[in-house]
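*Asks:*
4 protein chains.
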Amino acid sequence: MTDAAPARRTYSYLGPAGTFTEAALDQVPEARGQQWRPVHNVGEALSDVLEGRSDAAMIAIENSVEGGVTTTLDALATLPGLRIVGEYLVKVDFVLVAAPGTRLEDVTVVAAHPVAYAQCYGWLGEHLPRHQHVPAASNVASALGILDGSLPADAAIAAPGIVQHHELELLADGIGDNDNAVTRFVLVARTVAPAPPTGADKTSLIVELPEDHAGALLELLEQFSTRGINLSLLQSRPIGDELGRYRFVLDADGHIQDERMADALLGIRRFSPRVVFLGSYPRADRRIVQYPERYADDVFVEARDWLRGLIAGEPEA
Amino acid sequence: MTDAAPARRTYSYLGPAGTFTEAALDQVPEARGQQWRPVHNVGEALSDVLEGRSDAAMIAIENSVEGGVTTTLDALATLPGLRIVGEYLVKVDFVLVAAPGTRLEDVTVVAAHPVAYAQCYGWLGEHLPRHQHVPAASNVASALGILDGSLPADAAIAAPGIVQHHELELLADGIGDNDNAVTRFVLVARTVAPAPPTGADKTSLIVELPEDHAGALLELLEQFSTRGINLSLLQSRPIGDELGRYRFVLDADGHIQDERMADALLGIRRFSPRVVFLGSYPRADRRIVQYPERYADDVFVEARDWLRGLIAGEPEA
Amino acid sequence: MTDAAPARRTYSYLGPAGTFTEAALDQVPEARGQQWRPVHNVGEALSDVLEGRSDAAMIAIENSVEGGVTTTLDALATLPGLRIVGEYLVKVDFVLVAAPGTRLEDVTVVAAHPVAYAQCYGWLGEHLPRHQHVPAASNVASALGILDGSLPADAAIAAPGIVQHHELELLADGIGDNDNAVTRFVLVARTVAPAPPTGADKTSLIVELPEDHAGALLELLEQFSTRGINLSLLQSRPIGDELGRYRFVLDADGHIQDERMADALLGIRRFSPRVVFLGSYPRADRRIVQYPERYADDVFVEARDWLRGLIAGEPEA
Amino acid sequence: MTDAAPARRTYSYLGPAGTFTEAALDQVPEARGQQWRPVHNVGEALSDVLEGRSDAAMIAIENSVEGGVTTTLDALATLPGLRIVGEYLVKVDFVLVAAPGTRLEDVTVVAAHPVAYAQCYGWLGEHLPRHQHVPAASNVASALGILDGSLPADAAIAAPGIVQHHELELLADGIGDNDNAVTRFVLVARTVAPAPPTGADKTSLIVELPEDHAGALLELLEQFSTRGINLSLLQSRPIGDELGRYRFVLDADGHIQDERMADALLGIRRFSPRVVFLGSYPRADRRIVQYPERYADDVFVEARDWLRGLIAGEPEA
C-alpha cells in the first residue's frame, strides 16, 4: 500500500474513565474512534495541546452551582496559544456511597472532590451537620479512596454510575442541592481561525482592567451593553499580584464575525491593557442568539457606507 | 485676448454693509476682491448657495450670550445639500443712540434687533426699567428707523460704528452686558469633501433622537464621551411637530478623518433616525484639539490589526 | 362699613388685549374678575411680582415650534424669589393681513413678531421667497404698524382674531407651518410652598453644570433616568460669560414631594454649583405621570426602614 | 462566692492548631485568654455562632491569589443572622515537605489543600510538570497525611512552621507563586449594630441582580461610582439554580453611617431583589478612606436642608 492511513487524532481529558469530563468528550462526534488520553490535571491537559502531544483537550470551565472552575480560568488567562473550539454540557448528579455495611448515621468524614462537595453542601448540612470533609482528586477517586483506605473517610460523594463498577453501599442518591446542576466543558485546541458563524455562537474573552476601580468594570460592561450583546458568564479572578486587582472572564452571545461583536472587541482592545480572545464557537444548546434589530450587521454596513460618502463629499441620498 | 479671466466668486451675507456679518466675511482671505451679495435673511442666503447664485454664504450660528441662532440652526437642519467650510468669530459691542437732542431720561421705547436687545437686557433693566422694546431687522435698521421715523422708538441699540455714518446722539456706549460677547459665524457652501484635518478642527452635526426621553440623549452624549471627544456646542431645538420632541445641534472637537470621530459618527448613525453632517472645518481660534492618548489614531489602527489577526487564526504576538 | 372687601388680586401679562398671553390668563379661574395688568416685556412682568405690584404674572415659556422662550428662561435663571404655580397651553395659528386693497403678489416686506415669523417661515419661503422681514413688538403691533404706517411693511403676520377688531385685508390664513403649534405659558408668583401633588405634576428646574464638558450633562441626565423620571423639556442656554458654557432648563414629570423626584433633586443639588427650583405644579394637560413600579414612593420608604434596621442591628425580617 | 466570674467568650475557627485561621484569630485582642473552638469546616463555624455555641467565628473570605473563598461566600449569602465585625490579614507562604529521605526528583504525587495548591501552581509546573494533585483537608492535614500514609502522595504543600512540629524533609521553601500573597479573614458574630465609623472602614454586601444581563450589573456598579465609593472586592458567584444567574459579593470603602454609603445602600435596596448587608467594620490595614470632597457628609446634609426649604416655601438663601 502506498497511501498512509490518516493519522489518528488525540484528545486529552481529566481521567480516569468514568469522570464527567469523559462524558463531555463522549459528545464530540469527531473524537469517536480517536485516541483518548487521560491526564491528571488541567495544566497537563493544556500542555499536551501546546506541546503537540494532543490535538485538543476537554476541560471543565464552569459549573452551574460552583461557578467558574478557577484553575481552568487561570490557566487560560496565562497560557498563550490556545483557542476554544467547542462547548459541551453535562448534567451532574451525586450519590453518597460507603463501604458495604456502613450506615448513614455512622458517617463522620466525607470524601469528595471540592466542587462536588460544594454542590451537596445543603444536603450534608441537613443530614450530616457535624461531618468533616476530606477533599478527593476526582469523583472517582473519592470512592476508590474509601475502598482502598487511602482516604481517611467513611463515605464518599461520587457520580451515580460508580455503583455499577464497584461494590459500594448506596447511602443516599440525588443528594445534589440543585436538580438542574450542569457542568460546562470546553474543547481547547491550538490557535486556529474561528469556525464560521452559525447564528448560535458564543465568544469567550479574558480581560484585564486598566485600573483597579469600579469605573473600569463599568466601561468594560458598556462595551457590550451599548452594542446589544448579552453576557452569559462574568467571573472575576484575582490577577494575583495584590488584593483588589482582578481580571474578568466573559462569555458573550455572538461570534467575532458578527459586526456588533467585532466592534465590541475593538472597543475592548483599545481600552484594556490585556485581552485574551479565547474563541468564537457554537453554543452547546444551539439556541439562536437574539439581539435588537438596531445592532444587525446591515446597520453597521450602512453606517460605514454613509461615512465613506461624507468623507468623499457625496451628496446625501 | 485668448485667456478667459477666472470667474469671480460670489458670497452672500446678511446686509446691509456695516453688519457684524459683513465683519465676519471680511475675515475670509479668499473672499477679498470677489463679489459680495447682501441678502435679507438666512433663508435667502442659503437659497443663493443651493440654487447656484452664490458660491458660499456667511451666516451667524451662535452667540456667546444668546446661544444658537435658531433660524440658522433650523435652516441647516432641514435644507439638505449644504456644508460648513469655515468658522469666524466677531466680537460684539453695543451703543445706545438717538436723534440729536434726545436725553437718556426721555427714552421710553427702544428699537433693537432681538439678539442685540437680549445682550443689553441687564443694562436696560438698570437704566431704563420701564422701557418698551420695538424689534428692528438689524443693528443698522434700528438706528435708521428712529432717524427716518419708520420705527416708533426714541432710541436705538446699534453697533458702535454707527455714529461715524449717521448724525446720532450717543446716549451710552459699552452697554452690552458681557464684555467678552462674541458671535460665531460659519461659511456655508454646497456639499463638498471636508478639507484635510489640521489638528485644530471642529465637526458640526444635527442629530434627531430615536425616542423622546432622557435615555436617548444620554446615549447620544455617550457616543462622544466614550471616545474622549469634547463638545463645545450643544443646543436643543424642537423638531416642531409636537411639544417635547427635540433635535440636537452639536459641535464636537475634531475632524471626521480622526479615527475617534469617525467611530463616534458611525455609532451615532446606527442609533439616530436622522443625522445631518454639517462639516469638519478648522476652528476659528486655531486651538489644537487635546484628547486622551488612549483615543489616538494609532490605537484604533492597532486594534483593527489585532482583530484581523484573531479572525485569521494568527498566533498572538 | 365693618367688613373689608377682599383685596383684589393683580395679574401682569404681556399686553395689549388680544395677545396669546391674554388668552392664557383667560384660562385661570382664580384670575376672573381680578385686576389684569398689561406690561411691555417679561422683565417688567416679573418685576411687578417681585416688587409686589402684582400677585402673579403670566409669561410664555416654550413654543412647540420655536422652543424655549429665551428671554423668559434667562430671566427665571437669574431672578431669585419666583416660583411657577401653574401651566397653560394656547393653540397658536396665524394669518397674513394687509391694508385693504393689497394683493399677495404685491407684498415685499412682512412685519411679524420674531417668534411668529419663525413659525410661518416655511409658508413664507414658498409663497413669498424674496420677502424681507421687519420685526414687530407683538402679534397685535405688527398689524397696527402697517395700518398706521409706523412699520415699513406691506403685510403683517397676526393672530386670527385681528380681523374682527381692525379693518384689514385677509391675504392668507392658516399660514403657520405646523397645525399643532402650541405655546406653553406659566403663571409665576413669589416663592411659596408648592401645592400638594395631584399625580399629574411637573417640576421645573434650571441647573448649571460643574464643568463645561459632555460628562457633566450625562451626570445630570442620569439623576433623572436612574430614578425613572422622564423629561419633557430640556433646553440649553448659554450662561453668557463665554462660548461653550451652558445652563440647562428642565421640565421633569412628577412633584417635589414624590420620593423619586425628591431623591433626584438631592442628587442634583449635591452635584451642581447652582440649581434653581422653579416649582412643582399641575400639568396643563392633566395627564397622570407614569413611572416604573420600582420607583414608587413605598419602595423608597421601605428601603429607608431597612437601612434604619441595619444601623440599629435589628435582625432582618 | 458572691461574684460570678465573667463568662468566657468562645471563638470558633478552622483547626487544628497551626492553620492560617488560627494565626488570624491570634490577631484579635479580645480573643486572648478566651475559649478557642477548632471546627472542621466553615459551615460548622457559622452554625456555632448561629446556634449560640460560639460568640464569633474566624473564617477565611478572600485570598490574594485565589480570590474569594467560595464556600465562605456562599454560606454568608444564604445564612441569615450573621454580621462581620472585624477583618484580619495573614501573609501566606508555602513549603514543599516529604518523608525523610525523599528527593525532589522522586516526587510524583503532591498532597495539598486546593487553595494552597493553586498558589503554588506556577512553581509546580516548572519543577514538577508531571505531578498529580491529591487534595488535603488543610495545610496541616496534607503533611500529616503523607507521614501516616493516609494520603497517597509522596510530598505535601504546607505552611512553613510545619517543620518545627513534625519530622519532615524540607524539599523546597518559598514555593508560593506570589511573594505578597495574603489571606483575608473576617470575624463573624450574630447580627449586631455596626461599631461607629473610624474613617478607615469597609462595608461588605451580597447583592442579587434583578435580571441576568450586563445592564443590571452596570446599574449595581453605578450605585457606587455615582457616589464616589471605591470597591475593593467584586466577586461573582452563581446563584446555583441555572447557568448564567449570579449574585455579587462586594467590599466597598466606607461605613454604613457615612452619608454616601447610606445613600448607595438605599439605591441598591430599591433595585435588587435581595441584598445581604454583611457589616461595616474597621479595615485590617487601618488606611483612611479617601473620597472626592463632593461626596462628603455635609454635602448630603446641606442638600437635605435645601430640599426641606423648597418644600416649605422658604426663600432661597
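Protein chains in written order, with full-length UniProt numbering: chain A, 1 to 317; chain B, 1 to 317; chain C, 1 to 317; chain D, 1 to 317. Even glycine gets a Cβ: it sits at the ideal position worked out from N, Cα and C. This structure is a prediction, so every number in the text was calculated from the model and none was measured.
Can you list the alpha helix (DSSP H) stretches of 4 or more residues lying completely in the segment 190 to 276 of chain D, in chain order?
*Replies:* Here the runs fully enclosed are 214 to 225 and 259 to 271.
*Asks:* Since residue 167 of chain C meets chain D, which of its residues come closer than 8 Å, beta carbon to beta carbon?
*Replies:* Neighbours of residue 167 of chain C on chain D: none; closest Cβ ~50 Å, over 8 Å.
*Asks:* Does DSSP put residue 288 of chain A in a helix, a strand or coil?
*Replies:* Three-state DSSP puts residue 288 of chain A in coil, outside helix and strand.
*Asks:* Looking at the secondary structure, which residues open and close the alpha helix (DSSP H) in which residue 308 of chain D lies?
*Replies:* Counting along the chain, the alpha helix (DSSP H) containing residue 308 of chain D begins and ends at 297 to 312.
*Asks:* Which chain A residues sit within Cβ distance under 7 Å of residue 237 of chain D?
*Replies:* Residues of chain A passing the Cβ test: 67.
*Asks:* What are the boundary residues of the alpha helix (DSSP H) that includes residue 129 of chain C?
*Replies:* First-last for residue 129 of chain C: undefined, no H or E at that position.
*Asks:* For chain D, check one thing: does any of its Cβ atoms lie closer than 8 Å to the Cβ of residue 310 of chain C?
*Replies:* Judged by the 8 Å Cβ criterion, residue 310 of chain C is in contact with chain D.
*Asks:* Could you tell me if residue 17 of chain C is buried or exposed, where buried requires 16 or more neighbouring beta carbons within 10 angstroms of its beta carbon?
*Replies:* Exposed, since its Cβ has fewer than 16 Cβ neighbours within 10 Å.
*Asks:* Under three-state DSSP, which class holds residue 20 of chain B?
*Replies:* Reduced to three states, the DSSP call for residue 20 of chain B is helix.
*Asks:* Determine which residues of the segment 113 to 144 of chain C have a Cβ less than 9 Å from any Cβ of chain B, and write them out in chain order.
*Replies:* Going along the segment 113 to 144 of chain C in chain order, one finds 113, 114, 117, 118, 119, 121, 122, 124, 125, 129, 130, 131, 132, 133, 134, 135, 136, 137 and 141 with a Cβ nearer than 9 Å to chain B.
*Asks:* Which runs of the beta strand (DSSP E), 3 residues or longer, sit entirely within the segment 78 to 106 of chain D?
*Replies:* Listed in chain order, the complete beta strand (DSSP E) runs (minimum 3 residues) inside the segment 78 to 106 of chain D are 82 to 91 and 95 to 98.
*Asks:* Does residue 40 of chain D get closer than 8 Å to chain A when you measure Cβ to Cβ?
*Replies:* Yes, residue 40 of chain D counts as interfacial toward chain A.
*Asks:* Just to confirm, are residue 263 of chain C and residue 202 of chain C a CB contact at a threshold of 8 Å?
*Replies:* No. Outside cutoff.
*Asks:* Over what stretch of residues does the alpha helix (DSSP H) that includes residue 318 of chain D continue unbroken?
*Replies:* An answer regarding residue 318 of chain D cannot be provided, because it is not within the stretch 1 to 317 covered by chain D.
*Asks:* Alpha helix (DSSP H) containing residue 62 of chain D: first to last residue?
*Replies:* Careful: residue 62 of chain D lies outside any alpha helix (DSSP H), inside the beta strand (DSSP E) at 56 to 63.
*Asks:* Suppose you measure from the CA of residue 199 of chain B to the CA of residue 72 of chain B; what does that come to, to the nearest Å?
*Replies:* Rounded to whole angstroms, residue 199 of chain B to residue 72 of chain B spans 27 Å at the Cα level.
*Asks:* Could you pull the start and end residues of the beta strand (DSSP E) that residue 38 of chain A belongs to?
*Replies:* 35 to 39 is the span of the beta strand (DSSP E), which, as asked, contains residue 38 of chain A.
*Asks:* Could you give the distance in angstroms between the alpha-carbon of residue 257 of chain A and the alpha-carbon of residue 259 of chain B?
*Replies:* For residue 257 of chain A and residue 259 of chain B, the distance between alpha carbons rounds to 21 Å.
*Asks:* From the DSSP secondary-structure annotation, give me the bridge partner or partners of residue 327 of chain B.
*Replies:* Limits of chain B in this structure are 1 at one end and 317 at the other, which puts residue 327 of chain B out of reach.
*Asks:* Would you please verify whether the beta carbon of residue 224 of chain B is less than 8 Å from any beta carbon of chain A?
*Replies:* No, because no Cβ of chain A sits closer than 8 Å to the Cβ of residue 224 of chain B.
*Asks:* Buried or exposed, going by whether 16 or more other CB atoms sit within 10 Å of the CB of residue 33 of chain D?
*Replies:* By the neighbour-count rule (16 or more Cβ atoms within 10 Å), residue 33 of chain D is not buried but exposed.
*Asks:* Step through the CB atoms of chain C and report whether any lies within less than 8 Å of the CB of residue 204 of chain B.
*Replies:* No, residue 204 of chain B lies away from the interface with chain C (no Cβ there is under 8 Å from its Cβ).
*Asks:* Three-state secondary structure (DSSP) at residue 169 of chain A?
*Replies:* If DSSP states are grouped into helix, strand and coil, residue 169 of chain A belongs with the strands.
*Asks:* Using a Cβ distance threshold of 8 Å, determine whether the segment 53 to 68 of chain A contacts the segment 174 to 186 of chain A, with at least three qualifying pairs required.
*Replies:* The answer is yes - the segment 174 to 186 of chain A touches the segment 53 to 68 of chain A, with three or more Cβ pairs under 8 Å.
*Asks:* Give the secondary structure of residue 282 of chain C by DSSP, where H, G and I count as helix, E and B as strand, and everything else as coil.
*Replies:* Three-state DSSP puts residue 282 of chain C in a strand.
*Asks:* Run down chain A in chain order and give the residues with a C-beta less than 9 Å from the C-beta of residue 315 of chain B.
*Replies:* Neighbours of residue 315 of chain B on chain A, chain order: 80, 81, 190 and 191.
*Asks:* Hey, quick one: how far does the alpha helix (DSSP H) through residue 146 of chain D stretch, first residue to last?
*Replies:* First-last of the alpha helix (DSSP H) with residue 146 of chain D: 141 to 148.
*Asks:* Using C-beta distances below 6 Å, list every residue in its chain close to residue 61 of chain C, excluding the 5 sequence neighbours before and after it, in chain order.
*Replies:* If we look at residue 61 of chain C and ignore the five residues flanking it on each side, its Cβ neighbours are 69, 72, 184 and 186.
*Asks:* In whole angstroms, what separates the C-alpha of residue 217 of chain B from that of residue 224 of chain B?
*Replies:* Approximately 11 Å, taken between the alpha carbons.
*Asks:* Using a beta-carbon distance cut-off of less than 9 Å, what residues from the segment 42 to 68 of chain B approach chain C?
*Replies:* Residues passing the 9 Å Cβ filter: 43, 44, 47, 62, 63, 64, 65, 66, 67 and 68.
*Asks:* My output table needs one value for residue 108 of chain B: the three-state DSSP class, helix, strand or coil.
*Replies:* Note: residue 108 of chain B maps to coil in three-state DSSP.
*Asks:* Apart from the five residues on each side of it in sequence, which residues of its chain come closer than 6 Å, Cβ to Cβ, to residue 106 of chain B?
*Replies:* None.
*Asks:* Is the Cβ of residue 152 of chain B closer than 8 Å to any Cβ of chain C?
*Replies:* With 8 Å as the cut-off, residue 152 of chain B counts as an interface residue toward chain C.
*Asks:* Answer yes or no: does any C-beta atom of chain B fall closer than 8 Å to that of residue 217 of chain C?
*Replies:* With 8 Å as the cut-off, residue 217 of chain C counts as an interface residue toward chain B.
*Asks:* Under three-state DSSP, which class holds residue 181 of chain D?
*Replies:* If DSSP states are grouped into helix, strand and coil, residue 181 of chain D belongs with coil.
*Asks:* Contact defined as beta carbons within less than 8 Å: I believe residue 153 of chain C pairs with residue 143 of chain C. What is the distance between those atoms, to the nearest angstrom?
*Replies:* Not a contact, Cβ separation roughly 10 Å.
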